[in-house]
Amino acid sequence: MLQNNISCASEIICRLAKNEKVKSSITELQKELLHSSEQFVWKMLNEHFNEHDLKTEFKSAWLFVLRKNTPSHAHYHPNSTQYTAVINGCGDGQFGKIKNSLQKFDPSNSDTLYVINRGMPHEFFPGDKDLVVLSLHTANAEELIEINCSSGKERTYE
7 MLQNNISCAS
17 EIICRLAKNE
27 KVKSSITELQ
37 KELLHSSEQF
47 VWKMLNEHFN
57 EHDLKTEFKS
67 AWLFVLRKNT
77 PSHAHYHPNS
87 TQYTAVINGC
97 GDGQFGKIKN
107 SLQKFDPSNS
117 DTLYVINRGM
127 PHEFFPGDKD
137 LVVLSLHTAN
147 AEELIEINCS
157 SGKERTYE
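Letter by letter, the sequence shown follows residues 7 to 164 in the working numbering.
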């Protein structure tokens, strides 16, 4: 089942990464980040789901631009598994207790799609360039919850 989900997620992410409107959104978010004090900015991409996507376990799609040289803070999602791929930039990711150098998404290499299980703490450490990632979640956008590991503070994205 997991391999099927990875294949499906790779297909969706590959299509989103090539979408001209998504590429334009990356540029817009990078400009927004310049004028923000936040560590990252985001946009929901559900409008780019097609009929087939809606029949999968993926219920929401997200584009994140994380500020260069600025950790994202460890957090977890109690109600969603996250499938994440790096589109631009570089850095490290910590998933649970394992810290890895992030690889740019390659649909032919399943190791470049990061599966973050429900409840698993994770954090991103962008390098010298802003880190752009696409993420699919198994929770609907309005239901997605993020819990900060240090403070316990809960955040929703809608």
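Ideal placement from N, C-alpha and C gives every residue a C-beta, glycine not left out. All values derive from a computational prediction rather than experimental measurement.
- Under the three-state reduction of DSSP, Arg21 is assigned to helix.
- Excluding five sequence positions before and after Leu150, the CB atoms of its chain that fall closer than 8 Å to its own CB belong to Ser66, His83, Asn85, Ser86, His143, Thr162, Tyr163 and Glu164, given in chain order.
- In the same chain as Gln45, and ignoring 5 residues on each side of it, the C-beta atoms closer than 8 Å to its own belong to Leu72, Arg73, Thr76, Pro77, Ser78 and His79, in chain order.
- Look at His143 here: in three-state DSSP terms it is strand.
- In the structure shown, His128 adopts extended strand secondary structure according to DSSP, grouped into three states.
- By the criterion of at least three beta-carbon pairs nearer than 8 Å, the segment 9-20 is not in contact with the segment 131-138.
- Assigned with DSSP and collapsed to three states, His81 falls in strand.
- Taking a C-beta distance under 8 Å as the contact criterion, Phe101 and His81 do not qualify as a contact pair.
- Rounded to whole angstroms, the gap between the alpha carbons of Thr90 and Gln109 is 11 Å.
- Annotation: the segment 46-116 contains the following complete segments of the beta strand (DSSP E) (minimum length 3 residues), in chain order: 46-50, 66-72, 88-94, 97-101 and 104-107.
- Comparing alpha-carbon positions, the option among Gly125, Cys20, Glu148 and Val92 lying closest to Phe131 turns out to be Val92.
- Nearest C-alpha to Gln88 among Trp48, Gln36, Ala147 and Arg124: Arg124.
- Excluding five sequence positions before and after Asn94, the CB atoms of its chain that fall closer than 6 Å to its own CB belong to Val138, given in chain order.
- Of the candidates Ile153, Lys159 and Glu148, the residue whose Cα lies closest to the Cα of Leu51 is Glu148.
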